[in-house]
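Asks: Chains X and C, in that order, are what the protein sequence lines are. Here our numbering is used: the first residue of the first sequence is 1, the next is one more, and so on. Here our numbering is used: the first residue of the second sequence is 1, the next is one more, and so on. Just so it is clear, CB atoms sit at the ideal spot from N, CA and C, and this is done for glycine as well.
There are 2 protein chains.
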Amino acid sequence: MLGYLVNPPIEDAARFVSRYKGSGVVLIYGQVEATYSGRAAAQIRLMPRLVVTKPDGVLMIHEGRREKPIIWNPPGSQLFVSVDDGELILRSIRRSPREYVTVNIPEVYLVASMELGLSEDFKVIGSERDIVDAIVANPGLIEDGFRVISREYETMVGSIDLLGEDKAGNLVVIEVKRSGASPEAVHQLKRYVDYITSKNPGRVVRGILVAAWISASAYRYLKDYGLEFRRYTHANLTGFSLRSNG
Amino acid sequence: MLGYLVNPPIEDAARFVSRYKGSGVVLIYGQVEATYSGRAAAQIRLMPRLVVTKPDGVLMIHEGRREKPIIWNPPGSQLFVSVDDGELILRSIRRSPREYVTVNIPEVYLVASMELGLSEDFKVIGSERDIVDAIVANPGLIEDGFRVISREYETMVGSIDLLGEDKAGNLVVIEVKRSGASPEAVHQLKRYVDYITSKNPGRVVRGILVAAWISASAYRYLKDYGLEFRRYTHANLTGFSLRSNG
DNA sequence: TGGTGAATGTCGCGG
DNA sequence: CCGCGACGTTCACCA
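(1) At a Cβ threshold of 9 Å, is leucine 116(C) touching chain X?
(2) What in chain C is Cβ-close to proline 48(X), meaning under 9 Å?
(3) Looking at the strands, I want to know which residues DSSP matches up with asparagine 138(C).
(4) Going straight from the alpha carbon of asparagine 104(X) to that of glutamate 228(C), what length do you get?
(5) Taking the alpha helix (DSSP H) that leucine 189(C) falls in, what are its first and last residues?
(6) Measuring only from the beta carbon, is isoleucine 125(C) closer than 8 Å to any heavy atom that is part of the ligand ATP?
(7) Do we get a CB-CB distance below 9 Å when we pair phenylalanine 146(C) with the residues of chain X?
(8) Find the nearest neighbour of tyrosine 219(C) within the set Asp194(C), Pro201(C), Lys190(C) and Val205(C), judged by alpha-carbon distance.
(9) DSSP state of leucine 222(C), grouped into three classes?
(10) Does any residue of chain X bring its CB to less than 9 Å from the CB of arginine 66(C)?
(11) Could you check what DSSP says for arginine 19(X) in three-state terms: helix, strand or coil?
(12) Using 10 angstroms around the beta-carbon of isoleucine 149(X), count the other beta-carbons present and answer buried if the total reaches 16, otherwise exposed.
(13) Would you mind working out which of Asn170(X), Glu128(X) and Ile28(X) sits nearest arginine 151(X), comparing C-alpha positions?
(14) Keeping to the same chain, check which residues put their C-beta closer than 6 Å to that of glycine 246(X); ignore five residues upstream and five downstream.
(15) In the DSSP output, what is proline 48(X) paired with across the bridge?
(16) Taking the alpha carbon of threonine 155(X) as the reference point, which residue from Ile61(X), Pro139(X) and Thr197(X) has its own alpha carbon closest?
(17) Which one or two residues does DSSP pair with tyrosine 109(X) in a beta bridge?
(18) Which partner residues of valine 176(C) appear in the DSSP bridge assignment?
(19) Count the C-beta pairs between the region 73 to 80 of chain C and the region 156 to 173 of chain X that are closer than 8 Å, then say yes if the count reaches three, no if not.
(20) Leaving out five residues before and five after tyrosine 36(X) in sequence, what residues of the same chain have Cβ atoms less than 6 Å from its Cβ?
(21) Would you say glutamate 99(X) faces chain C, with C-beta separation under 9 Å as the test?
(22) Closest to aspartate 12(X) by CA distance: which of Val111(X), Arg178(X), Val25(X) and Phe146(X) is it?
(23) With a threshold of 9 Å between beta-carbons, can arginine 19(X) be considered close to chain C, or not?
(24) DSSP on valine 83(X), reduced to helix/strand/coil?
(25) Going along the chain, which residues of the region 196 to 213 of chain C sit with their C-beta nearer than 7 Å to a C-beta in chain X?
(26) Please list, in chain order, the chain X residues whose beta carbon lies closer than 9 Å to that of tyrosine 232(C).
(27) Is it true that the region 130 to 146 of chain X meets the region 54 to 69 of chain C, where meeting means three or more beta-carbon pairs spaced less than 8 Å apart?
(28) Just the Cα atoms here: how many angstroms apart are leucine 2(X) and glycine 86(C)?
(29) Contact criterion: CB-CB distance below 9 Å. Does tyrosine 153(X) meet it with respect to chain C?
(30) Can you grab the Cα-Cα spacing for the pair arginine 94(X) / isoleucine 142(X), in whole Å?
(31) In chain order, which beta strand (DSSP E) runs of at least 3 residues are fully inside the region 50 to 81 of chain X?
(32) What did DSSP end up calling glutamate 120(C) once you bin it into helix, strand or coil?
(33) Find the residues of chain C that neighbour tyrosine 29(X), judging by a C-beta separation of less than 7 Å, and give them in chain order.
(34) Going straight from the alpha carbon of glutamate 107(X) to that of glycine 30(X), what length do you get?
(35) Which value, in whole angstroms, describes the spacing of the CA atoms of glutamate 99(C) and lysine 223(C)?
(36) Identify the contact partners of tyrosine 192(C) in chain X, using a Cβ-Cβ distance below 9 Å as the criterion.
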């Protein structure tokens, strides 16, 4: 389950990585320099770093800070291992879009392989989908007499979370954000409202933004556009409640 | 520089993590279960996984696939180590927003600490900023006679990447996207054009979207609003070229 | 410290 | 395989 070499000769490290890269997660701690080129380009100079490869093709180079790798290739990439001029060379190729990561490791302090599990049934609780689910199950959360017409209503300008009708028969466009509503979210809602308005001449179209909170500038945009805001709180993991304009 | 314990007793592993968590990157390979709660919530059952902590507060739990950790806390979080009922316990607390990650590790196969470097001068080549730079340096890339008036022109509705004037003296609003242009990007440009038009009555205001490519629906949307598209290709790392309507 | 928008975003879903 | 939008987005910049 665990295999490792400490301060191995480069040749041994290369053999080790070659043997385990397809079946397990491989860690390489050593002096690392690397280049990335593809949609963008980057380069890092020789320094101690941690290289991680996973059997799904992931390649990550981590430094002493940050959560994200400084250089990486995503799942689906292909990894090639070689030794050149006494250095361990990793080449990772992503097919589409075409992207290349080349890693040079002149010195290896530790190389290890391990088998890691997979959470097949993993689910985050409290995503936007959960909120939309709750509204669909109980449209009255939005307001009395609200009725859902369509969910994920596809338009030329994007997909509308919820399209419905109010008690008075006006069309209602609802955009849901699981956390905060930024100006961008308000613009998004405005875009949908404009589109629905243009496709339904003569009808009143309301726009309601549902979110945990809204920034001051976003609120100004919202008011300028004549849109509405409903705050929600996920009181507990299963349900949630809506309040009118905060 | 490298310290490690193989199949250590839990007490030893806990001491090891406590000693090195503040100064280096610590890896723990073992049986791991964990919970996350905060803006959302999640839980993973006992399984072999890789836990990584960094001195900046990062905590990551990695599995056999994916580039992103399945559970994590970002830089700035605080980490507490303890032993309870024979299990190694890690508690990570993020201040704002308040988020908790609790990791239970009943069995440790490997714990290692290492010092990793930091690329202080790190720079990705080919960002949106680089593209705007190139246009400013050579406005003719947009079209013959184009002149830049302002960069990052601040408006009520957002910041305009480039504001300029064409040969005929019309105002030109330019929005740059380093990769693809979605309906959102088109709407962003339209917002700016509308705003500039309202502030300059009687003047013609053109809008040009500069991007590597544009989706079909975004392109239709763009045409509906009478906006223009310029495709760019970063022919090499230093320069790039523009083509008219794709 | 919080708001704002870019990102090699990544990831998952649907056509 | 692409398009599209959410994400516990992360990240850097700036007020």
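Replies: Based on what the coordinates show:
(1) yes
(2) Met1, Met114, Glu115, Leu116 and Gly117
(3) According to DSSP, which records beta bridges pairwise, asparagine 138(C) is partnered with nothing at all.
(4) 44 Å
(5) 183 to 199
(6) The ligand ATP is not among the ligands present in this structure, which contains no ligands whatsoever.
(7) no
(8) Lys190(C)
(9) helix
(10) yes
(11) helix
(12) exposed
(13) Glu128(X)
(14) With a pLDDT of 38 at glycine 246(X), under the threshold of 50, the predicted position of this residue should be treated as unreliable, though the coordinate-derived value follows. So the qualifying residues of the chain are Arg231.
(15) Gln31(X)
(16) Thr197(X)
(17) Paired residue(s): none; tyrosine 109(X) is not in a bridge.
(18) Val210(C)
(19) no
(20) Ala42, Ile71 and Val101
(21) no
(22) Val111(X)
(23) no
(24) strand
(25) none
(26) Here the premise fails: no neighbours, minimum Cβ distance about 12 Å.
(27) no
(28) 22 Å
(29) no
(30) 45 Å
(31) 59 to 62 and 71 to 73
(32) coil
(33) Leu2 and Met114
(34) 5 Å
(35) 45 Å
(36) Per Cβ cutoff of 9 Å: no residues; tyrosine 192(C) is ~11 Å from chain X at best.
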